[in-house]
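Asker:
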Amino acid sequence: RNNQPSLPTVNAICDACGITLAQFFTENDTANSPNAKSELDNSVAALKEDQREALAAFIKTIV
């Protein structure tokens, strides 16, 4: 499938990860910092299995 996620979908992912839309779309080196990766790991670990699967599917559409 070649679907683009809707803004509400991206916003829901940001909410689950504890970040703002601005942070999601900002390209900077802080996103690659160990602290940011740890926060992302913790956020993903807190998701339910179906939410992790949805997140993985979403990521595949943007990478």
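The numbers in our numbering rise by one with no breaks, and the one at position 60 of the sequence shown is 60. Ideal placement from N, C-alpha and C gives every residue a C-beta, glycine not left out. Given the structure is predicted, the values throughout are model-derived calculations rather than measurements.
Can you name, in chain order, every residue of its own chain whose Cβ lies under 7 Å from the Cβ of Asn3, other than the five neighbours on each side?
Answerer: Excluding positions up to five away in sequence, the list reads Thr61.
Asker: Go ahead and label Ile13 buried or exposed: buried means 16 or more other beta carbons lie within 10 angstroms of its beta carbon, across all protein chains shown.
Answerer: The residue in question, Ile13, is buried, as its Cβ has 16 or more Cβ neighbours within 10 Å.
Asker: Mind checking which residues open and close the alpha helix (DSSP H) that includes Ile13?
Answerer: Where Ile13 is concerned, the enclosing alpha helix (DSSP H) stretches over 7–17.
Asker: Have a look at Glu27 and Leu21 and give me their C-alpha separation to the nearest angstrom.
Answerer: The straight-line gap from Cα to Cα measures roughly 12 Å.
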